[in-house]
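Working notes for the structure below.
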Amino acid sequence: MKSRYEAAKNVFIDSIDIDDYIELESSVNAYKQLEHSIDKPLKMILLFGKPGTGKSILLNRIAKNLKYQKEIHYFDTPATNTKEFFHKLFKVLTKKDLPSHTEVNFSALVNFCKSLRGKREIIILLDEAQMYGPDMMEKIRLLSDTRAVKFIVSLHKTENEDLIAKEHFQSRIWEVIELKNASLNDLTQYVHKKLLKRNLFEVANSIQEKDMKLMYTFTNGNYRECNKLLFTIFEICEFYDKNEPSKINYDHIPQRIIEMSALKLGYIHV
Amino acid sequence: MYDLKPLEEEWKIYHKKKKYPLYMGIFSGFLLTTAISTLFYFDMFNKNYLNKNILKVETNHSIALNYNDKTKIEIDKNTSNQHANNTELNTTIKDVENHNPVESIVENIPILDEGRENTNNEKSMKYSKKLNINILESSSLEAYKDVEKRFFKSRDIDDSLFLAKNYYRNAKYKKAEFWSLQTNKINSTIDESWIIFAESKVKLGQKNEAINILTDYVKRTGSEKAENTLLKIKSEK
Chain L
759 MKSRYEAAKN VFIDSIDIDD YIELESSVNA YKQLEHSIDK PLKMILLFGK
809 PGTGKSILLN RIAKNLKYQK EIHYFDTPAT NTKEFFHKLF KVLTKKDLPS
859 HTEVNFSALV NFCKSLRGKR EIIILLDEAQ MYGPDMMEKI RLLSDTRAVK
909 FIVSLHKTEN EDLIAKEHFQ SRIWEVIELK NASLNDLTQY VHKKLLKRNL
959 FEVANSIQEK DMKLMYTFTN GNYRECNKLL FTIFEICEFY DKNEPSKINY
1009 DHIPQRIIEM SALKLGYIHV
Chain P
350 MYDLKPLEEE WKIYHKKKKY PLYMGIFSGF LLTTAISTLF YFDMFNKNYL
400 NKNILKVETN HSIALNYNDK TKIEIDKNTS NQHANNTELN TTIKDVENHN
450 PVESIVENIP ILDEGRENTN NEKSMKYSKK LNINILESSS LEAYKDVEKR
500 FFKSRDIDDS LFLAKNYYRN AKYKKAEFWS LQTNKINSTI DESWIIFAES
550 KVKLGQKNEA INILTDYVKR TGSEKAENTL LKIKSEK
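Taken in order, these protein sequences are the chains called L and P.
Per our numbering, the very first residue in the first sequence carries number 759; after that it's consecutive.
Per our numbering, the very first residue in the second sequence carries number 350; after that it's consecutive.
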């Protein structure tokens, strides 16, 4: 028989699936802020925060919701080199594939973008932009100056990346949106809503307030870490459910299992 | 699936280490309590010892008084050296009166006992209060009602969508229609909610209305899921 914990475990597989998006007060605010910023005549928007704060899913969601209203393109994986990036960009701008054995002339591309000003407004969402090199970022900046292409740049928040954001683009980026880790209340809602969405009512009820507090101390409110922790918790629960049912309590998740998961993931050490 | 034994062992070690501060706290508390109790005991012992000594002194004085009384009688009888004996008797009485504060210390002991009784009573009261815990049980239906109540306060679409899905699954199509409508009012871009709304309408015999609603929605959003459902509804007889 399939364990109820197997379904619960799968809820917390870390993936960028818009259908799994959970609306929380903080995420709704970030979404509205980004949507509002897109409507402003800005050249660049910087979206930054620690890994696992929901930047990618926010970009995905905005791309999906505005695809019928705006010319919006989501670049999820960063291009490994300038050539590949301009191939992608060429396709977006000209709606044609670049002929084989040819390369994009950057000056010509800038001129082409200038010719589009006032006719088209193209929005490009660049995820994981910290992986683009300084040269490529400089070219992106020049393209944004044409005002035909608007870039929304998503970065991880580290000291170096702050430097990129503050020094390199200081004069261009007019709007900065920072995503932060969740509060305890947000994280509780996130977990419960995720489980309710899959009709795992009993499992959601078995996670009590004190369990959430413990999980919050381990994950510091990071959604990705929380997904990892809950996945491991339910994996252990599933194992006990199938092999040693006496070690599991269906009314609530034992603190022992939460601590075992934290040990496994390295949040705590012996 | 991995073997959990090593992880369990690791957790046992962690748990033991985690408990060290607690054990140390309990041990320190125990030591502190013992030290305080010992000090208190010695204090009480000293006081009792003093009381006993004072009482002994008092008793000696009483004996002296009796002895002196007898002496007095004898003196009276003998009618000689009367003044000297009277002086001695007065001194003895004064001595006894001067030791009255000792009696007040002795009287304090029962008051301490009363205090202890009160503490015991309080403990028993606390215990009896603990027994008055009400255990409530809730069934799924009650839980749905809780979610409904919560929705009217929070207007949270996850709650309304949850109710719509579950009522639809339980063949309560009127309720499913109502809750999906609530969801659509708040957020009009959720495919799943529109699909439940339309399918509930079909189940309630309003197929044409369901088709019109879904057609509008597909035009507005281009949703593939909704389009598939629309085709399914149209193909059903």
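We put the beta carbon where it would ideally sit given N, CA and C, even for glycine.
Give me the Cα-Cα distance between H845 (chain L) and H1027 (chain L), rounded to the nearest whole angstrom.
Approximately 48 Å, taken between the alpha carbons.
Straight-line CA distance for S386 (chain P) to F997 (chain L)?
Straight through space, the alpha carbons of F997 (chain L) and S386 (chain P) are spaced by roughly 51 Å.
Quick one: Cα of D893 (chain L) to Cα of W543 (chain P), how far?
The alpha-carbon separation between D893 (chain L) and W543 (chain P) amounts to approximately 47 Å.
Determine, using beta carbons only, whether L1021 (chain L) comes closer than 8 Å to chain P.
Closer than 8 Å: yes.
Once DSSP output is grouped into helix, strand and coil, what is the label at E558 (chain P)?
Correct three-state label for E558 (chain P): helix.
In three-state terms, what does DSSP make of G979 (chain L)?
G979 (chain L) sits in coil when the DSSP states are folded into three classes, being neither helix nor strand.
Can you check whether the CB of K514 (chain P) is closer than 8 Å to the CB of I545 (chain P)?
Cβ distance < 8 Å, so I545 (chain P) and K514 (chain P) count as in contact.
Verify whether the separation of the beta carbon atoms of R762 (chain L) and E993 (chain L) is less than 8 Å.
Cβ distance not < 8 Å, so R762 (chain L) and E993 (chain L) don't count as in contact.
Cβ-based neighbour list, D425 (chain P), same chain, cut-off 6 Å, excluding 5 preceding and 5 following:
Confidence at D425 (chain P) is low in this model, with a pLDDT of 45, below 50, so the placement of that residue is unreliable and no value is reported for it.
In chain P, which residues lie less than 7 Å from N823 (chain L) when you measure between Cβ atoms?
T538, listed in chain order.
Tell me the DSSP secondary structure of Y516 (chain P) in three-state form.
Residue state, collapsed to three classes: helix.
Within chain P, partners of Y826 (chain L) - CB distance below 9 Å
By Cβ distance, chain P contributes R569, T570 and G571.
At the level of alpha carbons, what is the spacing between R499 (chain P) and L954 (chain L)?
The straight-line gap separating the alpha-carbon atoms of R499 (chain P) and L954 (chain L) is approximately 14 Å.
Let's test the definition: count the other Cβ atoms within 10 Å of the Cβ of K1030 (chain L) and tell me whether it reaches 16, buried, or not, exposed.
A query on residue 1030 (chain L) cannot be resolved here, the shown segment of chain L reaching from 759 to 1028 and no further.
Given a threshold of 16 other Cβ atoms within 10 Å of its Cβ, counted over all protein chains shown, does Y826 (chain L) qualify as buried or as exposed?
With fewer than 16 other Cβ atoms within 10 Å, it is exposed.
Which two residues bound the contiguous alpha helix (DSSP H) that contains E781 (chain L)?
Taken as a continuous stretch (DSSP letters only), E781 (chain L) belongs to no alpha helix (DSSP H), as it is neither H nor E.
On a CA-only basis, which of L:E936, L:T852 and L:N823 is nearest R878 (chain L)? Give me that one, please.
Put simply, of L:E936, L:T852 and L:N823 the residue whose alpha carbon is nearest the alpha carbon of R878 (chain L) is L:T852.
Expressed to the nearest angstrom, what Euclidean distance is found between the alpha-carbon atoms of D903 (chain L) and R875 (chain L)?
Taking the Cα positions, D903 (chain L) is about 11 Å away from R875 (chain L).
Under 8 Å between C-beta atoms, does F959 (chain L) make it to chain P?
So yes, F959 (chain L) belongs to the interface.
I want to verify the contact list: residues of chain L whose CB lies under 9 Å from the CB of N515 (chain P), in sequence order.
Result: N957 and F959.
So which residues of chain P does R1014 (chain L) contact, with C-beta pairs closer than 7 Å?
Neighbours of R1014 (chain L) on chain P, chain order: W360.
Below 8 Å between beta carbons: does that hold for L356 (chain P) and L1021 (chain L)?
Yes, they are a contact pair.
Tell me which same chain residues have a C-beta within less than 7 Å of the C-beta of N439 (chain P), skipping the five on either side of it?
For N439 (chain P), the pLDDT reaches just 48, beneath the cut-off of 50, and the residue's location in the model is therefore unreliable, leaving the point undetermined.
Can you grab the Cα-Cα spacing for the pair E491 (chain P) / K524 (chain P), in whole Å?
The straight-line gap from Cα to Cα measures roughly 15 Å.
Residues in the stretch 935-958 of chain L with C-beta within 8 Å of chain P's C-beta atoms, listed in sequence order?
Contacts with chain P (Cβ-Cβ distance below 8 Å) from the stretch 935-958 of chain L involve K951, L954, K955 and N957, listed in chain order.
At a CB-CB cut-off below 9 Å, which residues of chain L make contact with A492 (chain P)?
What A492 (chain P) touches in chain L, judged by beta-carbon distance under 9 Å, is F959 and N963, going in chain order.
Determine which residues of the stretch 969-997 of chain L have a Cβ less than 8 Å from any Cβ of chain P, and write them out in chain order.
Residues of the stretch 969-997 of chain L that bring their beta carbon within less than 8 Å of a beta carbon in chain P comprise E993, I994, E996 and F997, in sequence order.
Could you name the residues of the same chain whose beta carbon sits closer than 7 Å to that of I818 (chain L), not counting the 5 residues immediately before and after it, in chain order?
It should be noted that the sequence gives Asn, not Ile, for residue 818 (chain L). Correct list, in chain order: I774, I776 and Y832.
Can you tell me whether DSSP reads S865 (chain L) as helix, strand or coil?
Correct three-state label for S865 (chain L): helix.
List, in chain order, every chain L residue whose beta-carbon is nearer than 7 Å to that of L356 (chain P).
Below the 7 Å Cβ cutoff, chain L contributes M1018, L1021 and K1022 as neighbours of L356 (chain P), in chain order.
Taking the beta strand (DSSP E) that S908 (chain L) falls in, what are its first and last residues?
The question names Ser, but residue 908 (chain L) in the sequence shown is Lys. For K908 (chain L), the enclosing beta strand (DSSP E) covers residues V907 to H914.
Going by beta-carbon coordinates alone, are I830 (chain L) and A837 (chain L) separated by less than 8 Å?
No.
Please state the DSSP three-state secondary structure of E446 (chain P).
For E446 (chain P), the predicted model reports a pLDDT of 44, less than 50, meaning its position is unreliable and no value from the coordinates is stated.
Would DSSP call L816 (chain L) helix, strand or coil?
Collapsing the DSSP output to three states places L816 (chain L) in a helix.
Inter-residue spacing [alpha-carbon to alpha-carbon] between S487 (chain P) and K494 (chain P):
Residue placement at S487 (chain P) is flagged as unreliable, the pLDDT there being 46, under the threshold of 50; a coordinate-derived value is accordingly withheld.
I want to see whether chain P comes within less than 8 Å of I1026 (chain L), judged by CB atoms only; does it?
Contact with chain P is found for I1026 (chain L), since one of that chain's Cβ atoms lies less than 8 Å from the residue's Cβ.
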